[in-house]
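Undergrad:
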Amino acid sequence: MATMIADGALLLALILMTGFVATRLARTFSLPHSVFLVLIGLICGGGLQYAGIVLPAAVNDSFADIILFILLPPLVFESAYNLDVDQLKHNIVSILALAIIGLIISTGLVGLGLHWAFGFELIPSLVFGALISATDPVAVVALFKEVGAPKRLLTLVEGESLFNDGTAIVLYRVLVAAAASPMLDSSILGAGALSFAIVSFGGIGVGIGLAVMTSGLLSFTRRSAAAQMGITVAASSIGFIVADHFLHVSGIFATLVIGVYLGHRARLEFNKEALHGMHSLWEFLSLCANSLVFLAVGFFVDFSILWKSLALVPATLVFVYGARCAAVPLVLWAAQKVRPSERTSFSFQTILMWGGLRGGLALALVMLLPETFPYKAEFLALTTAVVLSTLLLNALTITQVMAFFDLNRLQGIDQETYSHVLNMIHHPLFASLRRSAEGGVLSPLLVEQFEKKVLQTLDDTSKADTQQNFDYHQLLLFERQLYHQMLENREITKPAYRKLCQDVRRRLDSHKDIHNITIYKSSFLRPETRFVRLLAVTFPAWHRRIRFARLGMDLEILLFLIFGLESGLRHVAPASDVAHVGNKWLEKSRSQLRDLYLHYPMWANGIQNHFMIRVIAAGTHHQLEGLKEAEVISESIYSQAEEALQQAHQLWMRQAKQTFSLHLHHFLMGVRLFRERKQSELESLEQYVSQGYWPAGRTLHREDIHSAAAIVIAEGKVHLAGPFLNKDQTTLELGPRDTLLRIDSTHSSSEWLLIEKNGERYFRSTENMEIIVDFNTETVEVPLEKSQVDPSQLMPVA
1426 MATMIADGAL LLALILMTGF VATRLARTFS LPHSVFLVLI GLICGGGLQY AGIVLPAAVN
1486 DSFADIILFI LLPPLVFESA YNLDVDQLKH NIVSILALAI IGLIISTGLV GLGLHWAFGF
1546 ELIPSLVFGA LISATDPVAV VALFKEVGAP KRLLTLVEGE SLFNDGTAIV LYRVLVAAAA
1606 SPMLDSSILG AGALSFAIVS FGGIGVGIGL AVMTSGLLSF TRRSAAAQMG ITVAASSIGF
1666 IVADHFLHVS GIFATLVIGV YLGHRARLEF NKEALHGMHS LWEFLSLCAN SLVFLAVGFF
1726 VDFSILWKSL ALVPATLVFV YGARCAAVPL VLWAAQKVRP SERTSFSFQT ILMWGGLRGG
1786 LALALVMLLP ETFPYKAEFL ALTTAVVLST LLLNALTITQ VMAFFDLNRL QGIDQETYSH
1846 VLNMIHHPLF ASLRRSAEGG VLSPLLVEQF EKKVLQTLDD TSKADTQQNF DYHQLLLFER
1906 QLYHQMLENR EITKPAYRKL CQDVRRRLDS HKDIHNITIY KSSFLRPETR FVRLLAVTFP
1966 AWHRRIRFAR LGMDLEILLF LIFGLESGLR HVAPASDVAH VGNKWLEKSR SQLRDLYLHY
2026 PMWANGIQNH FMIRVIAAGT HHQLEGLKEA EVISESIYSQ AEEALQQAHQ LWMRQAKQTF
2086 SLHLHHFLMG VRLFRERKQS ELESLEQYVS QGYWPAGRTL HREDIHSAAA IVIAEGKVHL
2146 AGPFLNKDQT TLELGPRDTL LRIDSTHSSS EWLLIEKNGE RYFRSTENME IIVDFNTETV
2206 EVPLEKSQVD PSQLMPVA
């Protein structure tokens, strides 16, 4: 037993070593890595068969299960994790059409072709059609990334492959079950369709549940990067095996959902070290899995079976290629009708048709067929032929097809960025060389000649009409980079980070007319929805909590938006149009922040305290990490210091949260009407005080101001128009701690509104009075009879 385990471990290590070394050899021979591995496998497998060496039956029998349960989950997770979710959303109709409708069409055409040409039974032929329609474009995707193929094309190929693999396995199992049925009727077809839906959506449901659980575990282990990365490795396999083996739903869809969810939320889920390590970890695991899969694809080719079924191969290849060429244009045409924005060009369609490679999954599925399944030997031979054909023909010629359609070079903004970057990175270097020449270290003539030679060889397409696009993207991408850094350092909350990144994405998508793009608009500047206004009436406490949570979010977003814009503007020429736009955004953001600080001081202080605490916490943690890595302090000192600082930060946070609470007696001390009251009197007055709320956009009249209470503005902003008694102003703005009070005149029938603002008193007749609420405003109503305020002493002097 020990010998068998040792032999197996050695064989695995040798296979992986071959796969790793092959990355360099494949580049030397200008071959895709996956194709090179298949060729090595063919040579090794063919050599063993020629020598008459037969592998143990257990190895052959376990090949399919190893691919399905061990190698496929990490491959699916890695692709899903790195999938561009924004591109996925924009192309979801086309991807689903290719992966579901396209797969069904391909299955039908291939199955009918085999049934018609060779006289095979229909259902077994459809089973072959399903398993051979599972695409595996590893070689094509690697090439796309290397040559800089358009993002949309890459997303279509990767997205189709991920969803296609899931639907192919589900359809394959439904058809295998149908083949085992003694007779085929409408009830069998209906049950098959229902099973297809249950298995597919069941897998998605399992994936959602496990993704949420994984997110919780990542949060729980946030202090350990190794633990977080290990959780993702375990989650990819747990999701697949639990869904597929135990719940009998789609394991691929479960793993796909987990990967997409964690990839989209990576910066929110992982600590700094884990976030940076995820790419290397999963690139390594993907390389291991692909090395094993493609070496095995070549190694397990049975040349004797392939030779016996050689007469069936040409027609089968025609059916498979023909089905692909028919399905892709048809479903993409239908997708365009459903969603016109997803129009796919002829060049993209051609690449999708030719890039539909087959790989290890197709071989695994055919080997999983029961031994008694009709035509299994023929299907194994035909699957091998199709896999080898697509890998050795399509993968090796896809570069020429891309070149024919001019898709093997950067497009659009990527090309503009490439051209500008070449110049941008060279100019500072030559500036440094010129300074060295001025200091006598280098020859000025040689530096000048070398600079001219280098700049002449660059693809200098930095024209004025593309400079603006480049500057605009530079501004926004450096702005977003700062948000990424702040999240990694835990200086910003996750909700604020998400909002800011969404706003950057919105401005990136609207780059065609940069002068008309608006900046983030705070919630206090936007009218409330009907639901929120209804909540204010029915559940005022909940409404207040929600409103101030939004206000706190506004303050945090504006604070970091200003930092982000300042960071982005440092990378843009000061006199450019983009700098003008950026400075306009910056001034509007600062204006909103000033309004918030002025009219919501309680929340402004709290947010600033939170920000400073997070900055100090992140900074001290970073300094400690540096001291530990430099071996200035020991591990034990680091641990104790980290724990002590964490406790201090938690204490500061609790103290900062207290600034968010409205302590009425402290608040009323700053109001002129109550300034002379003792603290004990104000504390006893608290029980009679009520809080009110005026939503932005509301207009108040005389009857809205209670005559029996003094109304003090706690947070927000209102204004009212004159004339004011003995004052020249025609408009008066009111904010926190300003007071409104209705008082009756004892010597006339007129009624006055007393306004106290910044220690001064204003009077206005209540006749035709209108108070306009500019920002959402919270008020404190103090009953006059309890407050010991005598209105008669406040009468205006004519």
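Per our numbering, the very first residue in the sequence shown carries number 1426; after that it's consecutive.
Positions of the beta carbon are idealized from the N, C-alpha and C atoms, including for glycine.
1) To the nearest angstrom, how far is the alpha carbon of I2196 from that of L2157?
2) Could you give the distance in angstroms between the alpha-carbon of A1921 and the alpha-carbon of E1904?
3) Rounded C-beta distance between T2202 and K2142? I'm assuming under 8 angstroms.
4) Between the C-alpha atoms of G1466 and D1896, what's the straight-line distance to the nearest angstrom?
5) Where does V2137 fall in DSSP's three states?
6) For R1692, collect the residues of the same chain with a Cβ closer than 8 angstroms to its Cβ; drop the 5 residues on either side in sequence, then sort them by chain order.
7) Alpha helix (DSSP H) containing L2179: first to last residue?
8) Tell me, please, which residues DSSP counts as bridged to R2189.
9) Quick one, which of I1520, V1518, I1548 has its alpha-carbon nearest T1532's?
10) Residue range of the alpha helix (DSSP H) that S2014 falls in?
11) In chain order, which alpha helix (DSSP H) runs of at least 4 residues are fully inside the segment 1779-1840?
12) Of all the options T1453, S1455, G1470, F1454, which has the alpha carbon lying nearest to the alpha carbon of I1440?
13) Where does A1574 land, buried or exposed, given buried means 16+ other C-beta within 10 angstroms?
14) Please check the pair P1499 and A1714, which I expect to be a contact at CB under 8 angstroms, by giving their CB distance rounded to whole angstroms.
15) How about the segment 1961-1979 and the segment 1930-1942: do they share at least three Cβ pairs that are nearer than 8 angstroms?
16) Would you mind listing the beta strand (DSSP E) stretches within the segment 2099-2168 that are 3+ residues and don't spill past its ends, in chain order?
17) Please work out which residues of its chain come closer than 6 angstroms, Cβ to Cβ, to L2093, disregarding the five sequence neighbours upstream and downstream, and give them in chain order.
18) Among V1582, T1809, E2012, L2049, which one has its Cα closest to the Cα of G1989?
19) Please classify F1725: does DSSP put it in a helix, a strand, or coil?
20) What separation, rounded to the nearest whole angstrom, lies between the Cα atoms of L2159 and K2182?
21) So, is D1928 buried or exposed, given that buried needs 16 or more other C-beta atoms within 10 angstroms?
22) Give the single residue among H1996, L2023, A1961, Q2154 whose Cα lies nearest to the Cα of G2117.
23) Just grab the DSSP bridge partners of P1765 for me.
24) Tell me whether E2203 sits in a helix, a strand or coil according to DSSP, three-state version.
25) Can you tell which of R2097, S2109, V2198 has the C-alpha that lies nearest to the C-alpha of E1953?
26) Which term fits K1924, buried or exposed, when burial requires 16 or more other beta carbons within 10 angstroms of its beta carbon?
27) Provide the residue span of the alpha helix (DSSP H) that contains L1646, from first to last.
28) Under 8 angstroms: do the segment 1609-1626 and the segment 1703-1710 share three or more Cβ pairs, one atom per stretch?
29) Excluding the 5 residues flanking A1650 on each side, which residues of the same chain have their C-beta closer than 7 angstroms to its C-beta?
30) Decide yes or no for the touch test of the segment 1803-1814 against the segment 1861-1874: beta carbon pairs closer than 8 angstroms, at least 3 of them.
31) Helix, strand or coil for V2198, going by three-state DSSP, please let me know.
32) Return the first residue and the last residue of the alpha helix (DSSP H) that R1923 is part of.
33) Let me confirm a value: E2192 is counted as buried when at least 16 other C-beta atoms fall within 10 Å, else exposed. Which label applies?
34) What whole-angstrom Cβ distance do A1679 and A1522 have, given they're in contact under 8 angstroms?
35) Taking the straight line between their C-alpha atoms, what separation do you get for A1856 and K1877?
36) Taking 8 angstroms as the threshold, find out whether the segment 1445-1463 comes into contact with the segment 1624-1641 through three or more Cβ pairs.
TA: Reading it off the structure:
1) One-based indexing of the sequence shown puts residue 2196 at position 771. One-based indexing of the sequence shown puts residue 2157 at position 732. Each residue's Cα considered, the two are about 10 angstroms apart.
2) The residue you call residue 1921 lines up with position 496 of the sequence shown. The residue you call residue 1904 lines up with position 479 of the sequence shown. In a straight line, the C-alpha of A1921 is about 14 angstroms away from that of E1904.
3) For the purposes of this step, residue 2202 is taken as residue 777 along the sequence shown, with counting starting at 1. For the purposes of this step, residue 2142 is taken as residue 717 along the sequence shown, with counting starting at 1. Yes, T2202 and K2142 are in contact; Cβ-Cβ is about 7 angstroms, under 8 angstroms.
4) For the purposes of this step, residue 1466 is identified with residue 41 of the sequence shown, where counting begins at 1. For the purposes of this step, residue 1896 is identified with residue 471 of the sequence shown, where counting begins at 1. Near 50 angstroms, if we compare the C-alpha coordinates of D1896 and G1466.
5) The count along the sequence shown starts at 1 and reaches residue 2137 at position 712. In the structure shown, V2137 sits in a strand (DSSP, three-state: E or B).
6) Locating residue 1692 in the sequence shown gives position 267, where the first residue counts as 1. Excluding sequence neighbours, R1692 sits near L1700, H1909, L1912, E1913, Y1922.
7) Walking along the sequence shown from the start, residue 2179 turns up at place 754. Not the alpha helix (DSSP H): L2179 falls in the beta strand (DSSP E), residues 2176-2182.
8) The residue you call residue 2189 lines up with position 764 of the sequence shown. Beta-bridge pairing links R2189 to L2178.
9) The sequence position of residue 1532 within the sequence shown is 107, counting from 1. Here the closest residue by C-alpha is I1548.
10) As a first step, residue 2014 must be located in the sequence shown, where it is residue number 589. 2002-2024 is the extent of the alpha helix (DSSP H) around S2014.
11) 1785-1792, 1801-1814, 1820-1829
12) Walking along the sequence shown from the start, residue 1440 turns up at place 15. Residue G1470 is the option with its Cα nearest to I1440.
13) Mapped onto the sequence shown, residue 1574 falls at position 149. Buried is the call here.
14) Here residue 1499 refers to the residue found at position 74 when the sequence shown is read from its first residue. Here residue 1714 refers to the residue found at position 289 when the sequence shown is read from its first residue. Confirmed, about 5 angstroms.
15) no
16) 2115-2119, 2134-2146, 2156-2159
17) Looking up residue 2093 in the sequence shown gives position 668. So the list reads F2099, L2107, once near-sequence residues are dropped.
18) Position 564 of the sequence shown holds residue 1989. Nearest C-alpha to G1989: E2012.
19) In the sequence shown, the residue the question calls residue 1725 occupies position 300. Three-state DSSP puts F1725 in coil, outside helix and strand.
20) Counted from its first residue, the sequence shown places residue 2159 at position 734. Counted from its first residue, the sequence shown places residue 2182 at position 757. Roughly 7 angstroms separates the two Cα atoms.
21) Position 503 of the sequence shown holds residue 1928. Buried, because 16 or more other Cβ atoms sit within 10 Å of the Cβ of D1928.
22) Walking along the sequence shown from the start, residue 2117 turns up at place 692. The shortest C-alpha separation from G2117 is found at A1961.
23) Stepping through the sequence shown from its first residue, residue 1765 is reached at position 340. Its beta-bridge partners do not exist; DSSP assigns none.
24) Residue numbering aside, residue 2203 sits at position 778 when the sequence shown is read from its first letter. Strand, per DSSP.
25) Taking the first residue of the sequence shown as 1, we reach residue 1953 at position 528. The shortest C-alpha separation from E1953 is found at V2198.
26) Here residue 1924 refers to the residue found at position 499 of the sequence shown. With 16 or more other Cβ atoms within 10 Å, it is buried.
27) Position 221 of the sequence shown, counting from 1, holds the residue named residue 1646. Note that residue 1646 is Thr in the sequence shown, not Leu. Segment: none, T1646 is in no alpha helix (DSSP H) and carries neither H nor E.
28) no
29) Taking the sequence shown and counting its residues from 1, one reaches residue 1650 at position 225. Taken in chain order, the residues that qualify are N1696, E1698, A1699, G1702.
30) no
31) By one-based count along the sequence shown, residue 2198 stands at place 773. If DSSP states are grouped into helix, strand and coil, V2198 belongs with the strands.
32) The residue you call residue 1923 lines up with position 498 of the sequence shown. R1923 -> alpha helix (DSSP H) spans 1919-1934.
33) For this step, residue 2192 is matched to residue 767 along the sequence shown. Exposed: under 16 other Cβ atoms inside 10 Å.
34) Numbered from its first residue, the sequence shown carries residue 1679 at position 254. Numbered from its first residue, the sequence shown carries residue 1522 at position 97. Not really, about 22 angstroms apart at Cβ, beyond 8 angstroms.
35) Within the sequence shown, numbered from 1, the residue matching residue 1856 stands at position 431. Within the sequence shown, numbered from 1, the residue matching residue 1877 stands at position 452. If I take the Cα positions, the gap works out to 13 angstroms.
36) no
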